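J.:
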Amino acid sequence: MACRHSPDATMRRILPPLLACLLMDGAAMAATCPDPVRAGISELGYSGYLDHEEARGAAVDVLREAARRSGCAIELTLYPRSRLFVEFESGLLDVAASAARSDERDRHGIFVPYAMSRFDLVLASRPARRMLSLADFVERGTGTLNIVRGAFYAPEVLRQLERLRKLHRLEEVTDFEMAFRKIAAGRAAGTLAPEMVSARLRNEFGIVASSEIVAVPESPAMQVGAYLSRNKLSVAEQDALGNALRAMVRDGTVLAIYRRYVGDATARALAGTSRRR
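All the letters of the sequence shown, read from the start, carry residue numbers -30 to -1, 1 to 247 under mature numbering (1 follows the signal peptide of the UniProt record, and there is no 0).
Okay, here's the thing in structure tokens:
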């Protein structure tokens, strides 16, 4: 005797194991990150910025995707650059990005690099003879260079900045916005800024056509990434987020995110396969 196929019977067979799998997945995700991960991001150009009160930027997108892949809920907050690691080292944040590496920060967190960065010389106007280095600016330039207090400069950059200081051609400002505002107002000859910062602020202050970017040899590329708190995150949470970030570098997700903000050429320089470490 032939038996007629019953859709209801099929569903009764499928639903219990399906529900069990869903419950197991949810339990595993809750066990990995029982609480939302509190992440802070520096307001640094296209890395992190507010757009109609909403956090946007490459670092924002990177952390959101890492959280999604690791099954962790995430709470994102933008901070002034000078404030981010005060909050992180005080234990008020679980994750901090976009960050350069330092020995002090290593004491508080595990560094997971996902891109590269470099300080370029941003000149207010194009000189008659092209400058090839920061030393050229010191020796042939005449104006004042604005630098951001507390930024991470390479040793050779610091040596050139000291030369400018002795010539009374160096001025410190509180943030990159102030540095670019002074360039736009004709009150500074230039500044040093990462590419993700200069790309956004040159547009914002309307100086793309008049200014010039010089990739100076005194400032080599350095890794940037996220710091995962040693004290606030469990080992499982550190592993889940860290592995997600590393996978995003390998599979090209970070490159695709950067490409949305700075175009293909700059994205490949900062997050392409040739820059991965």
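Ideal Cβ positions, reconstructed from N, Cα and C, are used throughout, including at glycine. Note that the structure is predicted; figures quoted are calculated from it, not measured.
(1) Shortest alpha-carbon distance to Arg39 belongs to which of Asp90, Ala226, Ala217?
(2) Please tell me whether Val127 has its Cβ less than 8 Å away from any Cβ of chain C.
(3) When DSSP labels each residue in this structure, what does Ala237 get in the three-state scheme?
(4) When the distance is taken between beta carbons, is Asp64 closer than 8 Å to Ala9?
(5) Using a threshold of 8 Å, state whether the C-beta atoms of Arg119 and Glu142 are closer than that.
(6) Which first and last residues belong to the alpha helix (DSSP H) in which Met192 is found?
(7) According to the Cβ coordinates, are residue 263 and Ala67 closer than 8 Å?
(8) Confirm, please, whether the CB-CB distance from Glu182 to Cys3 is below 8 Å.
(9) Output the residue ranges of the beta strand (DSSP E) runs that lie fully inside the region 81 to 112 and measure 3 residues or longer, sorted by chain position.
(10) Round the Cβ separation of Leu93 and Gly160 to the nearest angstrom and send it over; I've been treating them as touching at under 8 Å.
(11) Once you ignore the five residues that flank Leu48 on each side, which residues in its own chain have a CB closer than 7 Å to its CB?
(12) Look at the alpha carbon of Ala214 and the alpha carbon of Asp31, and state the distance between them as a whole number of angstroms.
(13) Measuring CB atoms only, is the region 81 to 88 touching the region 98 to 107, in the sense that at least three cross pairs come out at less than 8 Å?
(14) In the structure shown, what three-state DSSP assignment does Ser17 receive?
(15) Under three-state DSSP, which class holds Ile153?
(16) Which of the three DSSP states, helix, strand or coil, is assigned to Leu115?
(17) Using three-state DSSP, classify Arg8 as helix, strand or coil.
(18) By Cβ distance below 8 Å, which residues in the same chain neighbour Ala(-4) in space, the five residues on each side in sequence not counted?
(19) Might you give, ordered along the chain, the residues of its own chain that have their beta carbon closer than 7 Å to the beta carbon of Gln130, omitting 5 neighbours on each side?
(20) Can you grab the Cα-Cα spacing for the pair Val224 / Phe146, in whole Å?
(21) According to DSSP, is Tyr228 helix, strand or coil?
(22) Ser209: which of Ala226, Gly41, Glu132, His22 sits nearest, CA to CA?
(23) Give me the residue from Leu198, Val56, Ala37, Ala124 with the minimum Cα distance to Pro164.
(24) DSSP three-state call for Arg220: helix, strand or coil?
(25) State the Cα-Cα distance for the pair Val178 and Ala169, rounded to the nearest angstrom.
T.: According to the structure shown:
(1) For the residues Asp90, Ala226, Ala217, the minimum Cα distance to Arg39 belongs to Ala217.
(2) Protein chain content of the structure displayed is limited to a single chain, and chain C is not contained in it.
(3) It is helical.
(4) yes
(5) yes
(6) Counting along the chain, Met192 falls outside any alpha helix (DSSP H), though it belongs to the beta strand (DSSP E) covering 192 to 199.
(7) As displayed, the chain neither begins before -30 nor continues past 247, which places residue 263 out of reach and without an answer.
(8) no
(9) 89 to 93
(10) 4 Å
(11) Ile11, Glu13, Gly18, Leu20, Ala25
(12) 13 Å
(13) no
(14) helix
(15) helix
(16) strand
(17) Secondary structure at Arg8: strand, using DSSP grouped into helix, strand and coil.
(18) Any answer about Ala(-4) is weak, because its pLDDT of 44 lies below 50 and its placement is not dependable; what the coordinates show is given next. So the list is empty, once near-sequence residues are dropped.
(19) Leu104, Ala105, Val108, Glu188
(20) 24 Å
(21) In the structure shown, Tyr228 sits in a helix (DSSP, three-state: H, G or I).
(22) Reading the sequence as shown, one finds Asp at residue 209 and not Ser. It is Gly41 whose Cα lies nearest to the Cα of Asp209.
(23) Answer by Cα proximity: Ala124.
(24) helix
(25) 9 Å
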